[in-house]
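Chemist: The numbers in the sequence shown follow the numbering used here, run straight up by one, and end at 1501.
Think of the CB as a built atom: it goes at the ideal place given N, C-alpha and C, for glycine as much as any other residue.
Just so it is clear, the structure is predicted and the values come from calculations on it, not from any experiment.
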Amino acid sequence: MTSQARLFTPVLIGGCLILMINFALRASFGVFQIPIGTEFEWPRAEFSMAIAIQNLAWGIGQPLFGALAERWGDRWAIILGALLYSAGLILTAFATTPASMQLLEVMVGFGVAGTGFGVILAVVGRAASDDNRSLALGIATAAGSAGQVFGAPLAEILLAFYSWQSVFIIFGAIVLGCLLFLPMLGGGKPANRDELEESLGSVLGRAFRDPSFLMIFIGFFSCGYQLGFITAHFPAMITEMCGPISPLGTLASIGITSTSALGAIAISLIGLANIAGSLLAGWLGKRYSKKYLLAGIYALRTLTAAAFILTPITPQTVILFSLVMGALWLATVPLTSGLVAYIYGLRYMGTLYGFVFLSHQIGSFLGVWLGGALYDRYGDYTLVWWVGVGVGAISALIHLPVREKPSQMPVVRPAGA
1085 MTSQARLFTP
1095 VLIGGCLILM
1105 INFALRASFG
1115 VFQIPIGTEF
1125 EWPRAEFSMA
1135 IAIQNLAWGI
1145 GQPLFGALAE
1155 RWGDRWAIIL
1165 GALLYSAGLI
1175 LTAFATTPAS
1185 MQLLEVMVGF
1195 GVAGTGFGVI
1205 LAVVGRAASD
1215 DNRSLALGIA
1225 TAAGSAGQVF
1235 GAPLAEILLA
1245 FYSWQSVFII
1255 FGAIVLGCLL
1265 FLPMLGGGKP
1275 ANRDELEESL
1285 GSVLGRAFRD
1295 PSFLMIFIGF
1305 FSCGYQLGFI
1315 TAHFPAMITE
1325 MCGPISPLGT
1335 LASIGITSTS
1345 ALGAIAISLI
1355 GLANIAGSLL
1365 AGWLGKRYSK
1375 KYLLAGIYAL
1385 RTLTAAAFIL
1395 TPITPQTVIL
1405 FSLVMGALWL
1415 ATVPLTSGLV
1425 AYIYGLRYMG
1435 TLYGFVFLSH
1445 QIGSFLGVWL
1455 GGALYDRYGD
1465 YTLVWWVGVG
1475 VGAISALIHL
1485 PVREKPSQMP
1495 VVRPAGA
C-alpha cells in the first residue's frame, strides 16, 4: 500500500466533509450583521454579542465534547453536536430580541463544538500514521477553509431571494448533512475507565502545570481574536470603509459591484487562500519545529494586519489582504493540534486540544464583542483592529520558549496490579 493511499483514508475524507459543512455555515454569520441590525434597528454591539457568545460557547463546549467523545465514542459527540447546531440555527430564525438571539447562540456554539475541530481532528489524528499525521491534520483544516470559500457567498446569494430568517432555517437543514458521513469515521471506541480517569484527572492537571502547555494555551488566544473579529466584522467593515468599486474595473465585470458583495467575497478569498496555507503548514509541520513555524505565522499576521490598516482601504488592498491573511488563517490549527499531540500523546488529544481551543474562543469572543462595542463608541473599527495587531505580536513571542519534546505521561495500572 502506498503512503498516499494510507493518507487519504475514509476517516480523513469523512472528517473533511463534516468540517466543510461546519465552517461553511459558521463563516457566514458576518454577512447577517447588517441585515439583522437594520431590521431591528439594533446597535452593532447586539448582534456582535450574539456571535461572540456563540464563539465562547464553542470554546467551552470543545473540551466537553472531547471528553464526551472519549467516554462514549466520537459518533455520539458528533450526533449531539449536529442536532444542537441545527436546532440553534432554526430557533434563531424566530428570535426578535437581542437577549433571545444571544441565548440561542449558546446552542449554536455547542453545536459547532460537537462537529468542529476538537472532535474531528482528534479522530483524524488517531487514524493517521505517525508519518502522515501532520499533513492529515493540515488537510482536515483545509477542508474547513473550503467550506468558508462558499459559506459567506452562499449566504449573500440566498439573502437576495429570502429573508435572513429563511436562510437560517435552510442552514439548519444543511447542517444535518454532517450525519451522512458518520459511517466513514469508524467506531470511535470510548476510553476504558482507567484511561478516562487519567485523561480527565491527572493528565489535565499535569498539562496545566506545564509551562509549555500554558504558553500554547495563551498563544492560541490571538488566533481566536483575529479570526473571530474578521469573520464577524470584516464584511461590514469593507462595506463601510472600503473605497468605491469602479464600474469599469475587473471586479464589476465579474458581478462584484458593491462593497457589500466585496465583503462577502473577501471571506471567501480568505478561505480559498487558507486551503493552500493549511496544507503547507501541515507539510512543514512534518519537517520543521512546530513552535517556530507558529511564531513565524503570528509574526506575519501581525505585519500584514498593520500594513492593511496603515494604507487606504481600496478594493485592491482588500483582495490582497484577504489572500495573504487567508494563507495564514488556519495554518495555526494543524501546527497547534499537532504540537499538543506530539508533546502529550494521542490518547488525550481531544480533551487537551479542547482546552487549548477554549483559549482560542475566549480570544474570539473578545474580538467579536469588542468589534461591535468599539464600533458603536467610535464609529469605525480602527482601534479594535490595532488591538488585534498587538495580541498577534504577543503570540509570536510566547511560542518561542515552548519545550517541544514528548511529555512523559504516567502509566495507568489496574487497581491491585
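(1) Between which two residues does the alpha helix (DSSP H) holding Y1426 run?
(2) Let me check understanding here. Comparing Cα to Cα, which of L1353, A1211, L1412 and G1447 lies closest to L1096?
(3) Quick check: what's the CA-CA separation for N1216 versus V1417?
(4) Are there 16 or more other CB atoms within 10 angstroms of the CB of F1297, so buried, or fewer, so exposed?
(5) Under 8 Å by Cβ, that's how I've got V1408 and L1346 pegged, so tell me the actual separation to the nearest angstrom.
(6) Expressed to the nearest angstrom, what Euclidean distance is found between the alpha-carbon atoms of E1281 and R1155?
(7) Going by DSSP, what residue range makes up the alpha helix (DSSP H) through F1201?
(8) For I1357, which option in L1221, S1229, L1335 and R1110 has the closest C-alpha, if you only look at C-alpha atoms?
(9) Rank Y1465, I1329, M1299 and S1306 by C-alpha distance to the C-alpha of L1423 and give the top, closest one.
(10) Checking 7 Å against the spacing of the C-beta atoms, do I1102 and I1204 come in under that value?
(11) For A1177, which three-state DSSP category applies?
(12) Leaving out five residues before and five after I1258 in sequence, what residues of the same chain have Cβ atoms less than 7 Å from its Cβ?
(13) Where do the ends of the alpha helix (DSSP H) carrying V1192 lie?
(14) Do the stretch 1429-1448 and the stretch 1116-1129 touch if we need at least three Cβ pairs shorter than 8 Å?
(15) Nearest to T1395 by CA position, among A1379, M1325 and L1419, is which residue?
(16) Among residues of its own chain, excluding the 5 on either side of G1099, which ones have a beta-carbon nearer than 7 Å to its beta-carbon?
(17) Would the stretch 1186-1202 and the stretch 1132-1141 be scored as touching if the rule is three or more Cβ pairs under 8 Å?
(18) Whole angstroms are fine: how far does the CA of A1171 sit from the CA of V1192?
(19) Please report the straight-line C-alpha distance between I1349 and I1340, rounded to a whole angstrom.
(20) Output the boundary residues of the alpha helix (DSSP H) element that contains F1092.
(21) Consult DSSP for C1100 and reduce its assignment to one of helix, strand or coil.
(22) Kindly confirm or deny that the stretch 1425-1434 and the stretch 1477-1492 touch, where touching means at least three C-beta pairs closer than 8 Å.
(23) Taking C-alpha atoms, which residue in P1331, T1334 and A1316 lies nearest to I1351?
(24) Can you tell which of F1305, P1331, D1464 and L1266 has its C-alpha closest to the C-alpha of T1323?
(25) Would you please state the rounded distance, in angstroms, between the beta carbons of S1479 and C1307? I believe it to be under 8 Å.
(26) Just mark F1292 as buried or exposed, buried being the case when its beta carbon has 16 or more other beta carbons within 10 Å.
(27) Note down the Cα distance separating Q1249 from T1176, rounded to an integer number of angstroms.
(28) Please confirm if the stretch 1176-1185 is in contact with the stretch 1228-1246, defined as three or more CB-CB distances below 8 Å between the two stretches.
(29) Sorted by chain position, which residues of the same chain lie with C-beta nearer than 8 Å to I1482's C-beta, five sequence neighbours on each side aside?
(30) DSSP three-state call for P1460: helix, strand or coil?
(31) Given this structure, state the Cα-to-Cα distance separating Y1459 from A1129, to the nearest angstrom.
(32) Look at the alpha carbon of I1163 and the alpha carbon of L1263, and state the distance between them as a whole number of angstroms.
(33) Is L1509 near K1370, with beta carbons less than 7 Å apart?
(34) In three-state DSSP terms, what is C1373?
(35) Could you tell me the alpha carbon to alpha carbon distance between A1151 and G1165, rounded to whole angstroms?
Modeler: On the basis of the supplied data:
(1) For Y1426, the uninterrupted alpha helix (DSSP H) segment begins and ends at T1416 to Y1428.
(2) Here the closest residue by C-alpha is A1211.
(3) Using only the alpha carbons, I get a separation of about 16 Å.
(4) A buried status is given to F1297, since no fewer than 16 other beta-carbon atoms sit within 10 Å of its beta-carbon.
(5) The Cβ separation is near 16 Å, so there is no contact.
(6) Any answer about E1281 is weak, because its pLDDT of 49 lies below 50 and its placement is not dependable; what the coordinates show is given next. Computed Cα separation, rounded: 10 Å.
(7) Element bounds for F1201: F1201 to A1211.
(8) Sequence inspection shows Ala at residue 1357; the Ile mentioned does not correspond to that position. Minimum Cα-Cα distance from A1357 among the listed residues L1221, S1229, L1335 and R1110 corresponds to S1229.
(9) If we check each option's Cα against that of L1423, M1299 comes out closest.
(10) Yes.
(11) In the three-state DSSP reduction, A1177 falls in the coil class, being neither helix nor strand.
(12) Closer than 7 Å at Cβ, skipping near neighbours: I1105 and L1109.
(13) Counting along the chain, the alpha helix (DSSP H) containing V1192 begins and ends at P1182 to G1198.
(14) Because the criterion of three Cβ pairs below 8 Å is not met, the stretch 1429-1448 and the stretch 1116-1129 do not touch.
(15) The shortest C-alpha separation from T1395 is found at M1325.
(16) So the list reads I1204, V1207, V1208, A1224 and L1269, once near-sequence residues are dropped.
(17) Yes, since at least three Cβ pairs between the stretch 1186-1202 and the stretch 1132-1141 fall closer than 8 Å, the two stretches touch.
(18) Near 8 Å, if we compare the C-alpha coordinates of A1171 and V1192.
(19) Those two C-alpha atoms are separated by around 8 Å.
(20) Where F1092 is concerned, there is no enclosing alpha helix (DSSP H), given that its DSSP letter is neither H nor E.
(21) Of the three classes helix, strand and coil, the one that applies to C1100 here is helix, per DSSP.
(22) Touching, yes.
(23) For the residues P1331, T1334 and A1316, the minimum Cα distance to I1351 belongs to A1316.
(24) Ranking F1305, P1331, D1464 and L1266 by Cα distance to T1323 puts D1464 first.
(25) The pair is a contact, with the Cβ atoms about 7 Å apart (cut-off 8 Å).
(26) In this structure F1292 is exposed. Its beta-carbon is surrounded by fewer than 16 other beta-carbon atoms within 10 angstroms.
(27) Roughly 8 Å between the two C-alpha positions.
(28) These segments do not touch.
(29) Contacts found: M1299, I1302 and G1303.
(30) Note on identity: in this sequence residue 1460 is Asp, with Pro being the wrong assignment. In the structure shown, D1460 sits in a helix (DSSP, three-state: H, G or I).
(31) When rounded, the distance between both Cα atoms is 8 Å.
(32) I1163 and L1263 have their C-alpha atoms some 7 Å from each other.
(33) In the structure displayed, the chain extends from 1085 to 1501; residue 1509 sits before or after that span and is not available.
(34) This sequence places Ser at residue 1373; Cys is not what is there. Here S1373 sits in coil by DSSP.
(35) Answer to the nearest angstrom: the Cα atoms are 13 Å apart.
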